[in-house]
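Worksheet: one structure, shown below.
Numbering (the working numbering), first residue to last: 6 to 230.
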């Protein structure tokens, strides 16, 4: 098992970049050029770093296919992403920062966050399950990070509720919804449905009437009945 305290910030950034690309494309291998593009570096730099990560048993490399994470690489990258997403929730929810600004800052803070701080942060935030981009947050250090696809809000009926896991809108609309209490990690209830498909939904912070088009871009994990 690799001691995460011995990893450099650069090594952690490579792991997170590989992990996010694997999660996004649902593939087993990430080509070297894709990693280089994601980090804005030259492929030769990626090759050098991959060799280091292979020696640390964090990744494996297959010629003509690319890089994949080992089980240890998955564990370490899950830990880093957990801390990043917890900080994002804190910065947006508690400090009212813009989502993208918070994400940039959380990207730096993840590298010097200890497991104890991460766990305390999770408790303080009441164990959020997703961040403001709808990305999952593992609840226990080292646990599997499961993705949530969700159902569009338009598929819920009056009286049903669910946890928001994704909001597929532009940033300004997402920020408006967040200001009204509608953001990933928040549970909302369907209060009424209009004849034209509009939805009256309620969060702990108030009620908002949403058009059919906007409601269809809000995805939830439906609460068990």
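A virtual CB, placed ideally from N, CA and C, is assigned to each residue, including glycine.
In the displayed model, residue 80 falls within a helix according to three-state DSSP.
For residue 172, the uninterrupted beta strand (DSSP E) segment begins and ends at 166-172.
In its chain, beyond the 5 residues on either side, 116 have a beta carbon closer than 8 angstroms to the beta carbon of residue 14. A direct Cα-Cα distance of roughly 20 angstroms separates residue 52 from residue 77.
The segment 104-139 contains, as complete alpha helix (DSSP H) runs of 4+ residues, the segments 104-114 and 120-129 (chain order).
Listed as beta-bridge partners of residue 67 by DSSP are 71.
Contact between the segment 165-183 and the segment 218-226 is present: three or more C-beta pairs spanning the two stretches fall below 8 angstroms. Annotation: residue 34 is outside any alpha helix (DSSP H) and is labelled neither H nor E by DSSP. The beta carbons of residue 211 and residue 180 sit no closer together than 8 angstroms. Nearest C-alpha to residue 157 among 216, 71, 122 and 103: 216. Listed as beta-bridge partners of residue 208 by DSSP are 211.
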